[in-house]
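S.K.: Sharing a structure below in structure tokens format, with a few things to ask.
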Amino acid sequence: MPGAEHMRDCKTLITLLKKQNNEGKLYAAICASPAVALAPHGLTKKGATCYPAPAFRDAIENASDDDVVTQENLVTSQGPGTSLKFALQIGEQLYGKDKADEIAKAMLVIR
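Taken in order, the sequence shown gives residues 26 to 136; the numbers are from this note's numbering.
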């Protein structure tokens, strides 16, 4: 996972994510990134999810099997197949459930 590894090693990004977390602002990660980029820096919270490979899941304390997990200001998701649910959950966190439901309905997505 070179992309996630590059993010993990990017001091500027990690500093920004830690600031987002400390200020209670939204941040999110999908696929291997919750395990590879966030967990080593203490940026995953109990209940996060990631790509369901043992090597990744073992990096997250109490990894969830759910497609998308929201814990406080962190949204995580498993991968490409869950990306629409991930995007709608981020939209819900930013703009509220009614707006996310409106967008989902317009896209013919059942939530």
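Note that the Cβ used here is the ideal one computed from N, Cα and C, for glycine as well.
Quick caveat: nothing in here was measured; it's all calculated off a predicted structure.
Taking buried to mean at least 16 other C-beta atoms within 10 Å of its own C-beta, is Thr-69 buried or exposed?
M.R.: Numbered from 1 along the sequence shown, position 44 holds the residue referred to as residue 69. Buried, since its Cβ has 16 or more Cβ neighbours within 10 Å.
S.K.: Do Gln-96 and Pro-77 have their CB atoms nearer than 9 Å?
M.R.: Indexing the sequence shown from 1 puts residue 96 at position 71. Indexing the sequence shown from 1 puts residue 77 at position 52. Contact flag unset, no.
S.K.: Considering Cα atoms alone, identify which of Tyr-52, Gln-45, Met-32 is closest to Ala-112.
M.R.: Translated into positions along the sequence shown, residue 112 becomes position 87. If we check each option's Cα against that of Ala-112, Tyr-52 comes out closest.
S.K.: Check for me: the beta strand (DSSP E) holding Thr-95 runs from which residue to which?
M.R.: The residue given as residue 95 occupies position 70 in the sequence shown. Unbroken beta strand (DSSP E) run through Thr-95: 93-96.
S.K.: Between the Cα of Glu-30 and the Cα atoms of Phe-81, Gly-72, Glu-86, Ile-115, which residue gives the shortest distance?
M.R.: Here residue 30 refers to the residue found at position 5 of the sequence shown. If we check each option's Cα against that of Glu-30, Phe-81 comes out closest.
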